Each structure stands twice: as structure tokens, then as C-alpha cells.
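The structure appears below as C-alpha cells.
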Amino acid sequence: MRALRTARHRVAAAFRQLVGSQGSDDDHIKSFLSLRDTLEQAKLAGQSVGDYIDTRYQVPGATRETIQELAQCGVLNDKVETICEIGPGSGRYLEHVVRLCKPTSYEIYETAREWSNWLVKTYHVTGRQPDGISLRHTASRSVDLVHAHKVFVYLDFIVSFQYFEEMVRVTRSGGYIVFDIVSERCMPEADIEKWAARRIYYPHVIPREMVIAFFVKRQCSLHYNFFAPLLLSRSEYFVFLKGQDPRPESSTAS
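Quick note on the working numbering: the sequence shown kicks off at 1 and runs consecutively.
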């Protein structure tokens, strides 16, 4: 968990230069926003927490557009009963997923305890203790959907792939794996110059073909692919559909 916290603090420091001490643009940085202040400001604005954060720190409507893409490709429906989310932050994606899927079980791994407790209370999800590299409290082949938004864009390369392995493990056959990364297609030279000019150094680029090969090797096919806004550029979303896993596998949940 130390690696995840260290990464978050590095990103938070960079974003403070851009948007001040109030917070940042990305969902996974919401642990650095004051829960009380955010709730109060969202109420004053007459918005949900997710819409307020989109409007104040991201691109207005960006979260809803992402959710619409996922719904359009068939990921979000009432057949998705068990869900696990990595780094939900303020829950700006979670609130939409809960509404559309009406899951019987929703687990979250969130390192910001204040926000995690609020999500558990507000949306009746199950908070799991994160360790920053795994989904160790979630049983193998137990979820219909495992997803993460604006998480792997800032995590170290090896940590991201440790999570990828875990995402494959916990997803049952026929289930979906959804996440976004900063791939080479997200970083044309002009955008690199934008990040450098603002002295924001967190986007960790992961080659898309390496990601695809990783999941294909583990019986997961690329079901859908699209781009979403990410502060000064964009991130690339992947939706993988898990096939039958021929290897026997025991649960590592505890």
C-alpha cells in the first residue's frame, strides 16, 4: 500500500501547482479533497458529488460520457450482479454503475479511508482493506465486473500489471474487465509539451499492445475500446471479456 500512497502524494503535489490546494482533476486523487467541503460545495451547486467534481476539476460531463460508452457496449446492465472497483475515490463512476446495474454485491478498494467510509455508508457497498497491489479479499472467479477509472494512469508500471493479474483472477468466465491507461496513442508530442509546461509528471505511459497481449494470453478478448478526457490530454479505455479459464485456481480471498 506504501507504493500506492507514495504515487498519490506525488500526483497530488503536481496537481496543487495546477489547481491549488483544493484538489485535482482525477477521480483517484479525490482522497486529497476534503470530504466535508466537497459535499457542502456540491450541495450548494445543486449537483451530485460526481457531477460537481467533473465540473470543478475535470471536463464537465466526462464521467457521464464514459458511462454512456460502457452502457452502449453492453457492460452495464442488470445482469451484472457482482462488482469490484479499484480506487473509486469520490464514487463518481460508482454512483452511475450502481444505478444501472443494481448489483447484489459491490466491493471497493479505496486507500482514502474518509471517502471509503462515506461510499460504504452512502451506496451500501463493501469496503475492502487495500494493500496497493492486489484484490486479496476478493475470491477468484467471483465477480461479473471489475473496473478502475483514472487509476493506472499514475501507478507505476509493475504495480499496474500486478493489478491486471488480480483483475483476471477475480473475474468469472463471461465477466468484464474495464480500465483506462495512458497509452502511446494518448501522448502525441504536442500533449507531452503541455504536461511538461505545467510541470506535471505523473502520466505513466503503458504500451497498448503489451496490455492487449497480456490479457489475450489469459483468455481475455478485447471487447471494446475508446478514449476519454484526462486533464491535458486523454486516456484509453479497454473492455476485456474473460473467456473460460482452463487452469484450476483456488481462492485467495481472506
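Cβ coordinates follow ideal geometry from the N, Cα and C atoms, glycine included.
Source: prediction; values computed, not measured.
**Study point:** C-alpha gap between Glu181 and Leu155, whole angstroms
**Key:** A quick correction: the sequence has Ile, not Glu, at residue 181. Roughly 10 Å between the two C-alpha positions.
Point to revise | DSSP three-state assignment for Asp156, whether helix, strand or coil | key: coil
Practice item. Check each candidate in Lys79, Asp37, Lys194 and Val170 and name the one with the smallest Cα separation from Arg234. Key: Lys194
Exercise for review: Could you name the residues of the same chain whose beta carbon sits closer than 6 Å to that of Tyr106, not counting the 5 residues immediately before and after it, in chain order?
Suggested key: Ile83 and Val125
Check your understanding: Quick one: Cα of Arg199 to Cα of Asp191, how far?
Key -> 12 Å
Review point. Cα separation between Gly175 and Phe226?
Key: 19 Å
Check your understanding: In angstroms, rounded to a whole number, what distance separates the CA positions of Ile177 and His223?
Key -> 10 Å
Check your understanding: What does a CB cutoff of less than 8 Å around Arg113 pick up in its chain, not counting 5 residues either side in sequence?
Key -> none
Review point. With which residues is Gly46 paired in a DSSP beta bridge?
Key: In the DSSP output, where bridge partners are listed per residue, Gly46 has none listed.
Exercise for review: With DSSP as the reference, please indicate the residues paired to Lys194 in a beta bridge.
Suggested key: Note: Lys194 sits in no beta bridge, so no partner.
Practice item. Can you have a look at Val11 and say buried or exposed, based on whether 16 or more other CB atoms are within 10 angstroms of its CB? Key: Caution applies to Val11, whose pLDDT of 44 falls short of 50 and renders its modelled position unreliable; the value that the coordinates give is listed next. The residue is buried, with at least 16 neighbouring Cβ atoms inside 10 Å.
**Study point:** Beta-carbon contacts of Met167 that lie in its chain and below 7 Å, excluding the five residues immediately before and after
**Key:** Val146 and Ile177
Check your understanding: Leaving out five residues before and five after Val143 in sequence, what residues of the same chain have Cβ atoms less than 7 Å from its Cβ?
Key -> Thr82, Ile83, Cys84, Val170, Thr171, Arg172 and Gly175
Check your understanding: Tell me which same chain residues have a C-beta within less than 8 Å of the C-beta of Val216, skipping the five on either side of it?
Key -> Leu222
**Study point:** Host alpha helix (DSSP H) of Ile133 (start-end)
**Key:** Looking at the DSSP string, Ile133 is not in any alpha helix (DSSP H), and its letter there is neither H nor E.
Practice item. Could you name the residues of the same chain whose beta carbon sits closer than 6 Å to that of Thr66, not counting the 5 residues immediately before and after it, in chain order? Key: Ala228
Check your understanding: By a C-beta neighbour count over all protein chains shown, 10 Å radius and 16 as the cutoff for buried, is Thr63 buried or exposed?
Key -> buried
Point to revise | Proximity below 8 Å, CB of Val120 to CB of Gly91 | key: no
**Study point:** Same chain, Cβ closer than 6 Å to Glu69, five either side skipped, listed in chain order
**Key:** Phe226
Exercise for review: Run the CB neighbour count on Tyr237, radius 10 Å, all protein chains shown included, and call it buried at 16 or more, exposed below.
Suggested key: buried
Check your understanding: Which residues share a DSSP beta bridge with Ile67?
Key -> Ile67 pairs with nothing; no bridge assigned.
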